[in-house]
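Numbering (my numbering), first residue to last: 3 to 141.
Ideal Cβ positions, reconstructed from N, Cα and C, are used throughout, including at glycine.
The structure displayed is predicted, hence computed values, not measured ones.
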């Protein structure tokens, strides 16, 4: 694989963003397990607290809070995306699909305005087909 400093930085950005995406889409699931993987400083800034998460309450500053998390994560994912074109062959194709999958979940989170309680964003068949088509074209 690629081991130059730039490729490692791309990889770190992709891996970090994918973990953040998982945290964002699983707020309710994680809370049931007594876990909150949201930045505490932003929770304070946007006046979001544990009680609000427990109530599945998206009022107040919840939406701006979530949109800020989504945008930060999108920028991180985009920062690593060039690695999908650096890597050739099947691994490059797979990585481009992974990046597109993350971007698709972020778009679904954005469209829901951060309401992860009514419906957890997941990839459907149409998403997978679209991602494959785009990944094949993006060599």
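- For the pair residue 15 and residue 59, the Cα-to-Cα distance works out to about 30 Å.
- Cα atoms of residue 104 and residue 79: separation of roughly 8 Å, rounded to the nearest angstrom.
- No residue range can be given for residue 120, since it is assigned to no alpha helix (DSSP H) and is classified by DSSP as neither H nor E.
- Taking the Cα of residue 35 as reference, the smallest distance to any Cα among 52, 11 and 67 is reached at 52.
- Per the coordinates, the alpha-carbon of residue 98 lies some 16 Å from the alpha-carbon of residue 21.
- Excluding its 5 nearest sequence neighbours in each direction, residue 82 has C-beta neighbours in its own chain below 6 Å: 12, 15 and 16, listed in chain order.
- Cβ-Cβ distances below 6 Å link residue 55 to 33 in the same chain, with the five nearest sequence neighbours on each side left out; the list follows chain order.
- Assignment of alpha helix (DSSP H) within the stretch 44–101, counting only whole runs of 4 or more residues, yields 52–56, 64–82 and 85–88 in chain order.
- Under the three-state reduction of DSSP output, residue 107 falls in the helix class.
- Burial is judged here by how many other beta carbons sit within 10 angstroms of a residue's own beta carbon; residue 91 has fewer than 16 and is exposed.
- Taking the Cα of residue 42 as reference, the smallest distance to any Cα among 62, 133 and 71 is reached at 71.
- In this structure, the alpha-carbon of residue 129 lies about 20 Å from that of residue 25.
- Under the three-state reduction of DSSP, residue 23 is assigned to helix.
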